[in-house]
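Protein chains in written order, with full-length UniProt numbering: chain Y, 1 to 293; chain U, 1 to 266.
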């Protein structure tokens with residue numbers, strides 16, 4: 001029994017790391033209907049910038065501030081150079097644009113800052129702690145706490161501020177938002193900035209776990225099943241989806257893996273997402289698309 | 001006709017044409033809207049009425065012609081510019097933020113009056129906090145004006161259509177527009193709801209001295225509500241004048257009013 005609980009808790013905590021990545025997608029998808037393929041590259045870019053700065057001797061606080069400033073500038077540049085010229089184009093066009101963007105960001109980041117693996121030390125000891133006879137990773141616990149704090153901040157931003165009201169307005173009906181004098185371009189800049197900040201948090205945690213390198217941008221591939229399960233339009237969905245994927249992976253590896261010869265974590269999430277596509281294509285929390293024909 | 005304090009018309013449409021892929025939607029249209037009048041655009045479906053509203057608030061760019069709004073000339077409007085200059089808009093079938101509360105919808109309507117910068121808002125500095133409080137108070141005032149106070153916390157999407165329409169107009173009014181464009185505000189309503197919304201529109205016009213351009217198919221209500229009627233047919237202006245004159249215009253009767261005219265005259 002304690003092994004089951006331990007596996008479950010470990011999985012749920014790891015799942016919050018997936019949620020963190022997925023939230024970045026949800027923010028942009030909600031506000032502009034774009035599936036931002038470049039979210040992974042932005043995450044890599046943010047983590048790489050932070051590591052490069054700290055390697056140069058910049059103190060952590062200053063490195064975070066500089067990275068944030070760079071992310072804001074990047075968001076504004078993306079909005080002005082990419083999104084604005086493509087206003088009113090089809091979602092597929094915008095998706096292709098973000099695909100291109102991901103190569104540009106990745107290439108530029110690695111070209112300038114190097115492509116070797118960098119260690120990132122956040123000063124969190126990865127010593128396990130014991131609750132009774134259940135072992136929990138301290139790092140996972142802190143990561144989950146950070147994810148939770150981030151979600152609280154985001155929901156305050158969306159529900160308690162006027163920027164949040166405007167953001168939700170743009171997400172709900174762009175045409176009406178425009179007619180009320182809501183500056184959509186500015187809203188996009190804000191959303192991409194916030195998605196970049198979420199990427200920074202996710203990038204630092206993932207980077208501390210597996211080193212900062214190119215493969216960090218591939219965590220987007222893990223976010224995809226999370227989004228399919230939770231729904232593309234809901235932050236709550238991204239969290240629940242992440243927890244389901246994390247817990248499912250971890251339990252499957254422990255209890256099903258031995259019968260299949262292991263390696264189950266590399267495909268389990270996708271198989272689970274496939275099942276959800278059959279049963280609930282909009283995801284658990286997604287908005288069902290109703291189209292009049 | 002309403003009293004005019006300023007000789008300048010609120011809005012002039014001058015020789016405006018619009019086409020979609022070669023098909024003319026509006027041809028060389030010219031008319032003007034006086035301050036504080038209710039101007040109704042009528043005409044069959046496809047006459048170019050909605051397209052015209054879309055030009056006026058910048059969604060469409062006309063092929064030629066110009067818009068003069070409060071004395072300023074525009075080759076085209078940009079939606080943001082139109083909103084900031086005080087052109088408010090209601091949409092056909094509503095365009096509300098259905099996942100948000102009635103109050104938040106109305107607060108969103110106040111966006112054009114926001115002066116606090118992003119940084120001030122993000123860190124909730126005094127100006128942003130003060131503005132937020134004023135916006136909230138103002139939104140409640142607007143809700144009271146429309147008798148919507150009891151729905152303030154309700155999600156808009158769960159309200160009946162007639163109430164939603166009132167919320168949409170309230171949201172537009174919160175912005176304190178100088179010109180309000182309404183696209184079929186009475187469509188899809190029962191007789192009682194129509195009377196209520198028509199009364200709201202009339203009050204906005206008399207009490208807030210608001211200039212209103214609206215599209216409406218219910219001729220009976222149009223003739224009672226509007227001070228000025230412009231009749232469109234296939235993108236051209238067929239008639240333009242006070243409702244009494246429109247009602248008796250033989251061209252309009254032939255093209256549009258048809259048999260309904262007999263009912264109105266009766």
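All residues carry an ideal CB built from backbone N, CA and C; glycine is no exception.
These figures come from a predicted structure and were not determined experimentally.
{"Check": "Residue 36 (chain Y) (DSSP reduced to helix, strand or coil)", "Outcome": "coil"}
{"Check": "Contact belief for residue 47 (chain U) with residue 233 (chain U) at Cβ below 8 Å, rounded distance in angstroms", "Outcome": "5 Å"}
{"Check": "Reference residue 321 (chain Y); option with closest CA among Y:8, Y:149, Y:68, Y:24", "Outcome": "Because chain Y in this structure spans residues 1 to 293, residue 321 (chain Y) falls outside the shown range and cannot be described."}
{"Check": "Residues of its chain near residue 54 (chain Y), where Cβ-Cβ distance is below 7 Å and the 5 sequence neighbours each way are ignored", "Outcome": "60, 63"}
{"Check": "N-terminal and C-terminal residue of the alpha helix (DSSP H) that residue 78 (chain Y) is part of", "Outcome": "60-78"}
{"Check": "Top-ranked residue by Cα proximity to residue 13 (chain U), from U:244, U:125, U:236, U:247", "Outcome": "U:236"}
{"Check": "Nearest candidate by alpha-carbon position, reference residue 269 (chain Y), set Y:93, Y:46, Y:102, Y:248", "Outcome": "Y:248"}
{"Check": "Under the three-state DSSP convention, the category residue 253 (chain U) falls into", "Outcome": "helix"}
{"Check": "Proximity below 8 Å, CB of residue 230 (chain Y) to CB of residue 240 (chain Y)", "Outcome": "yes"}
{"Check": "Boundaries (first-last residue) of the alpha helix (DSSP H) holding residue 239 (chain U)", "Outcome": "Note, residue 239 (chain U): premise wrong, no alpha helix (DSSP H); beta strand (DSSP E) at 236-241."}
{"Check": "Residue span of the alpha helix (DSSP H) that contains residue 259 (chain Y), given as start and end", "Outcome": "257-260"}
{"Check": "Proximity test, Cβ basis, 8 Å: residue 166 (chain Y) and chain U", "Outcome": "yes"}
{"Check": "Residues that DSSP places opposite residue 148 (chain Y) in a beta bridge", "Outcome": "None, per the DSSP bridge assignment."}
{"Check": "Whole-angstrom distance between residue 215 (chain Y) and residue 233 (chain Y), CA atom to CA atom", "Outcome": "26 Å"}
{"Check": "Minimum Cβ-Cβ distance from residue 93 (chain Y) to chain U less than 8 Å", "Outcome": "no"}
{"Check": "Reduced DSSP category for residue 233 (chain Y) - H, G, I as helix; E, B as strand; rest coil", "Outcome": "coil"}
{"Check": "Buried versus exposed, by CB contacts within 10 Å (16 or more), residue 210 (chain Y)", "Outcome": "exposed"}
{"Check": "Cβ neighbours of residue 51 (chain U) in the same chain (closer than 7 Å, five flanking residues each side left out)", "Outcome": "18, 25, 26, 60"}
{"Check": "Contacts around residue 236 (chain Y), its chain only, beta-carbon distance under 7 Å, and the 5 residues preceding and following it disregarded", "Outcome": "285"}
{"Check": "Assigned secondary structure, residue 75 (chain U) (DSSP; H/G/I helix, E/B strand, else coil)", "Outcome": "coil"}
{"Check": "Endpoints, beta strand (DSSP E) assigned at residue 137 (chain Y)", "Outcome": "134-137"}
{"Check": "Separation of residue 178 (chain Y) from residue 127 (chain Y), as counted between CA atoms", "Outcome": "52 Å"}
{"Check": "Residue 167 (chain Y) in three-state terms, based on DSSP", "Outcome": "helix"}
{"Check": "Cβ of residue 191 (chain U) within 8 Å of any chain Y Cβ", "Outcome": "no"}
{"Check": "Per-residue contacts from residue 162 (chain Y) into chain U (C-beta, under 9 Å)", "Outcome": "107, 108, 110, 111, 114, 116, 121, 128, 131, 132, 135"}
{"Check": "Closer than 8 Å to chain U by CB, residue 292 (chain Y)", "Outcome": "Residue placement at residue 292 (chain Y) is poorly supported in this model, since its pLDDT is 49, which falls under 50; the coordinates still yield a value, given next. Not an interface residue."}
{"Check": "Chain U contacts from the stretch 171-182 of chain Y (Cβ-Cβ distance under 7 Å)", "Outcome": "172, 173, 175, 176, 178, 179, 180, 181, 182"}
{"Check": "Delimiting residues of the beta strand (DSSP E) encompassing residue 32 (chain U)", "Outcome": "23-33"}
{"Check": "Check whether residue 182 (chain Y) and residue 111 (chain U) have beta carbons under 8 Å apart", "Outcome": "yes"}
{"Check": "Within chain Y, partners of residue 89 (chain U) - CB distance below 7 Å", "Outcome": "179"}
{"Check": "Within 8 Å, strictly: CB atoms of residue 10 (chain Y) and residue 250 (chain Y)", "Outcome": "yes"}
{"Check": "Cβ neighbour criterion (16 or more within 10 Å) applied to residue 283 (chain Y)", "Outcome": "buried"}
{"Check": "Cβ separation of residue 105 (chain U) and residue 33 (chain U), assumed to be a contact under 8 Å, to the nearest whole Å", "Outcome": "The pair is not a contact, with the Cβ atoms about 27 Å apart (cut-off 8 Å)."}
{"Check": "Candidates Y:162, Y:2, Y:81, Y:30: closest to residue 130 (chain U) by CA position", "Outcome": "Y:162"}
{"Check": "Delimiting residues of the alpha helix (DSSP H) encompassing residue 177 (chain Y)", "Outcome": "174-179"}
{"Check": "Given 8 Å, three or more beta-carbon pairs between the stretch 92-101 of chain Y and the stretch 35-48 of chain Y", "Outcome": "yes"}
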